[in-house]
Amino acid sequence: MGLSLSRLIPGVLVACVAASAANAQIHTLYENNFESGRLGSEWTGPTSVDSHYQRYFSVFNGRYTNDTITLSLDPAPNPGAGKYNLYTLRFDLYVIDSWDGNNQAYGPDTFAVSLGNTKLFLETFSNQDTNQTYARRPDAGPYQMGFNNSWKDSIYRNIAVQFTAPQDQKLKLSFTGKNLQSMSDESWGIDNVRVRYESVPAPGAAALLGMGGLLAARRRRS
Ligand SMILES: [Ca+2]
Ligand SMILES: [Ca+2]
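Heads up, the sequence shown is in numbering that gives the first Met the number 0, so the first residue is 0 and it goes up one at a time.
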């Protein structure tokens, strides 16, 4: 009995998780396209808003070089026993001017996102003929969109990062550039920042639910 249960549970678990994902409601905790031209007090660091080249970049949160800016948010409401909040951060990244990707002499030119001290995203980007770690092509670029006329620029839309967080403290999401040169040579910005969440069953709860359902089914058959 113990053996057959343990063999069956993985399938039951998958079914439970799939059912809950289909029913789960996705809520918006935060979204900002920065078209108002100002950052709220939820943003800290050397904050700035740029509107110089709106044809490509609209109004955005930037520009920065080797800086860290932080978005602080109250966590989503407690989802209740046996559940947790699964968050998804989405944003557009503007990679501006002469980023060198993995090049060791001029880089590696890195962009990172952290939750508190935990790295959620760490990739290099290039607007040159050099390799980068981020695995997909930009949605626009690289070509000259603005700022330094000598260098191309790129737009990566809808970068998505999933995470969970403690219920009893603020979410602190940090965005950081590293190994970059001066603002006129390598800079970045972010736009269309969205934080959404859904409450999903904790794995333990799903397994228990699955086992309960299985035992009930067995009882009915016997
Ligand atoms: Ca914008
Ligand atoms: Ca440029």
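Beta carbons: idealized from backbone N, C-alpha and C, even for Gly. The structure presented is a predicted model; accordingly, all values stated were derived computationally and were not measured.
In the three-state DSSP reduction, P202 falls in the helix class (H, G or I). Residue pairing by DSSP puts Q161 in a beta bridge opposite T87.
The chain-ordered list of residues whose CB is nearer than 7 angstroms to some heavy atom of ligand 2 reads I95, D96, Q143, M144, G145, F146, N147, N148, W150, K151 and D152. For F174, the three-state secondary structure derived from DSSP is strand. When only Cα atoms are considered, A104 and D184 end up about 15 angstroms apart.
Straight-line measurement puts the Cα of Q143 at about 8 angstroms from the Cα of S149. Around the beta carbon of S173, 16 or more other beta carbons sit within 10 angstroms, so the residue counts as buried. Below 8 angstroms, enough C-beta pairs join the region 72–81 and the region 163–178 to call them touching: three or more.
Listed in chain order, the non-local C-beta contacts of A164 below 8 angstroms within the same chain comprise P74, N84, Y86, L114 and L170, local neighbours out to five positions each way being set aside. With a cut-off of 8 angstroms on Cβ pairs, the region 39–53 is not in contact with the region 126–133, counting fewer than three such pairs.
Taking C-beta separations shorter than 7 angstroms and ignoring five residues to either side along the sequence, the partners of S97 in its chain run N126, Q127, W150, D184 and E185, following chain order. When the beta-carbon positions are compared, D91 and N178 stay at least 7 angstroms from each other. The beta strand (DSSP E) runs lying completely inside the region 93–169 and spanning 3 residues or more are 109–114, 117–123, 139–142 and 152–162, given in chain order. Assignment of F33 by DSSP, reduced to helix, strand and coil, places it in the coil class.
Taking a contact as a CB-CB distance under 8 angstroms, the pair W187 and V94 counts as one, their CB atoms being some 6 angstroms apart.
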